[in-house]
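In numbering that gives the first Met the number 0, the protein residues as written are 0 to 211.
Built from N, CA and C at the ideal position, the CB exists for glycine as well.
Source: prediction; values computed, not measured.
Scroll down for the structure; my scribbles are underneath it.
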Amino acid sequence: MKPPQGPSDHADLTLDDEGWLAPAAHIVRRPSPNHDARPDDESPSLLVLHNISLPPGGFDGDAIIDFFLNRLDYAAHPWFENIRGLRVSAHFLIRRDGAIVQFVPTCLRAWHAGASCFSGRERCNDFSVGIEIEGTDDQPFTDAQYLSLRRLAHAVRTRHPISDVCGHEHIAPGRKTDPGPCFDWARFAREGGWRPEQLPGPPPHGPSGLQQ
Ligand SMILES: [Zn+2]
Numbered sequence: 000m001k002p003p004q005g006p007s008d009h010a011d012l013t014l015d016d017e018g019w020l021a022p023a024a025h026i027v028r029r030p031s032p033n034h035d036a037r038p039d040d041e042s043p044s045l046l047v048l049h050n051i052s053l054p055p056g057g058f059d060g061d062a063i064i065d066f067f068l069n070r071l072d073y074a075a076h077p078w079f080e081n082i083r084g085l086r087v088s089a090h091f092l093i094r095r096d097g098a099i100v101q102f103v104p105t106c107l108r109a110w111h112a113g114a115s116c117f118s119g120r121e122r123c124n125d126f127s128v129g130i131e132i133e134g135t136d137d138q139p140f141t142d143a144q145y146l147s148l149r150r151l152a153h154a155v156r157t158r159h160p161i162s163d164v165c166g167h168e169h170i171a172p173g174r175k176t177d178p179g180p181c182f183d184w185a186r187f188a189r190e191g192g193w194r195p196e197q198l199p200g201p202p203p204h205g206p207s208g209l210q211q
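So this is what it looks like as structure tokens:
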């Protein structure tokens with residue numbers, strides 16, 4: 000077990016002109032080739048939260064990082080065949096101990112949302128920042144992760160005109176389930192000062208919740 004992080008470890012996180020986090024303790028930069036320009040250089044207005052673990056439920060090692068850098072050893076675990084050849088990324092990953100890994104600067108488009116729709120607008124990658132939280136749909140996230148998420152979200156909304164936050168499950172219902180029922184939206188809202196109208200309502204259930 001790594002020691003828990005104190006509140007000062009991520010104090011005053013800031014994004015530079017390109018959208019990279021300034022160097023700080025427990026901040027790691029791993030530039031991913033899986034990105035491109037945002038159409039019209041739009042500044043992102045949506046924050047999308049995800050969960051990921053590779054293999055699912057495993058929190059050891061750097062498979063997520065390798066995956067986003069297109070260098071995952073697919074032979075290392077049978078489940079990795081499910082994602083062979085995918086070219087994806089997120090702007091950030093928050094590991095179980097709260098460490099933050101950045102793959103793509105926020106001014107550029109990361110490839111995290113796929114086919115998606117928010118408030119009638121498709122291709123959410125165009126106008127969103129994606130944060131992966133290391134975890135699963137059925138395990139609580141750690142206190143260190145909520146702390147890092149609060150500070151990271153603050154840095155993003157200071158740099159960009161973020162008006163809304165949602166989960167991948169809300170913009171790709173029926174296809175995606177993350178961050179899932181264990182993510183505590185009320186805690187996220189309380190700790191980050193988000194208003195209810197900026198956050199998703201109850202998750203969609205069944206075909207009626209599907210967006211075209
Ligand atoms: Zn996702």
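Item to check | Cβ shell of D15 (< 7 Å), same chain only, five flanking positions each side left out | outcome: Hits under 7 Å: A21.
Checklist entry - Which same chain residues, not among the five before or five after D142, have their C-beta less than 6 Å away from its C-beta? => result The beta carbon of D142 lies closer than 6 Å to none in the same chain, with the five residues before and after it left out.
Checklist entry - Quick one: any contact between the segment 151-158 and the segment 63-79, if contact means 3 or more CB pairs under 8 Å? => result Touching, no.
Checklist entry - Would you call L12 buried or exposed, if buried means 16 or more other Cβ atoms sit within 10 Å of its Cβ? => result With 16 or more Cβ atoms within 10 Å of its Cβ, L12 is classed as buried.
Item to check | C-alpha distance - I63 paired with A154, whole-angstrom precision | outcome: CA-to-CA, the gap between I63 and A154 works out to about 23 Å.
Checklist entry - What's the call for C181, buried or exposed, on a 16-neighbour Cβ count within 10 Å? => result Burial call: exposed.
Item to check | Separation of E133 from Y145, as counted between CA atoms | outcome: Cα to Cα, the separation comes out at about 11 Å.
Checklist entry - Taking contact to mean at least 3 C-beta pairs separated by less than 8 Å, is the segment 46-59 in contact with the segment 21-34? => result No: fewer than three Cβ pairs fall under 8 Å.
Next on the checklist: Looking at ligand 1, does it come within less than 8 Å of D177, judged from the CB to the closest heavy atom?
Outcome noted: Yes, since a heavy atom of ligand 1 falls inside the 8 Å radius drawn around the Cβ of D177.
Checklist entry - Is E133 near ligand 1, going by C-beta to nearest heavy atom under 8 Å? => result Incorrect: E133 has no Cβ contact closer than 8 Å to ligand 1.
Next on the checklist: If I measure Cβ to Cβ from E223 and keep anything under 7 Å in the same chain, skipping five residues before and after, which residues do I get?
Outcome noted: Here the chain covers residues 0 to 211 and nothing more, so residue 223 does not appear.
Checklist entry - Is there at least one non-hydrogen atom of ligand 1 closer than 8 Å to the beta-carbon of I51? => result A distance criterion of 8 Å places the beta-carbon of I51 in contact range of ligand 1, judged by its closest non-hydrogen atom.
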